[in-house]
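Take 147 as the starting number for the sequence shown in my numbering and just add one per residue. Beta carbons: idealized from backbone N, C-alpha and C, even for Gly. Treat the numbers as computed from the prediction; the structure is a model and nothing was measured.
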Amino acid sequence: QSISSNNYSLSTLPGTLTVKKAKVDVTALDAERIYGDPDPEFHFTVSNFKNGQTWGDSVVTGAPQFIPAANILDSVESYDLNLGTGSLSSGNYDFNLIKGNLTINKASLLAKAEDTSRIYGDAEPQVRVTYSGFKNNETFANSKITGAPGITIQAVPTSPVSETKYPIEIGIGSLFSRNYDKIGRAHV
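This is how it looks when you write it as structure tokens:
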């Protein structure tokens, strides 16, 4: 279509259209691990592509860098799982990095009553308890576990001498820990 005017001489100049990168959301998927264990393999999703594109169209390559706010020594809690651009690359997209959560769950611990003996008619002996399953080179002394297990000996001072051993049962008692759960028990 042409434009004309009796009073003006018309000329046209072309304009330009700049196409800028769209943003896709790169989201860290929530993850879990056990206290004292190494981080699991982290995963991510990419969404909000334009023009019906998908990850499979190879319009985005690479992977983000995962930056967990927790380290192997951190206690049971939920921590941020942050993202860095890492090796993500695209000619058509910039990246909106969305953090996820890394939840550290309690580790299991086993409490075991050690075998012991006593003389017929004597009071029940002190039962020694050993623990296994500690993480991060911890011991009972430095693990911040409080309380003591409940111990029940299935014998009394008048129990007869027997070839059959009397069981020593160990229960949770007042044991408590922020980082250990299911403090298991072994029956002797």
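Within the same chain, G267 come within 8 Å of T304 by CB-CB distance, once the 5 residues on both sides are set aside.
Using a C-beta cut-off of 8 Å, the stretch 181–198 makes contact with the stretch 164–172, since at least three inter-stretch Cβ pairs fall below that distance.
In the structure shown, the three-state DSSP call for G202 is helix. Under the criterion of beta carbons closer than 8 Å, V206 and Y239 qualify as touching, at roughly 6 Å. Only residues of its own chain outside the window of five on either side were considered, and among them F322 have a CB closer than 7 Å to the CB of T292, listed in chain order. If you ignore the 5 residues before and after V172, its C-beta comes within less than 8 Å of the C-beta of F190, T191, V192, P210, L229, L234, F241, N242, L243 and I244, all in its own chain and listed in chain order. According to the DSSP secondary-structure assignment, V172 is paired through a beta bridge with V192 and L243. Secondary structure of G208 (DSSP, three-state): coil.
The criterion of a C-beta distance shorter than 8 Å is satisfied by Y181 and K252.
Assignment of R264 by DSSP, reduced to helix, strand and coil, places it in the coil class.
DSSP, read as helix, strand or coil, puts I316 in strand.
Under the 10 Å beta carbon count, I316 is surrounded by 16 or more other beta carbons and is classified as buried. In its chain, beyond the 5 residues on either side, Y312 have a beta carbon closer than 6 Å to the beta carbon of A301.
Around the Cβ of E284, a 10 Å sphere holds 16 or more other Cβ atoms; the residue is buried.
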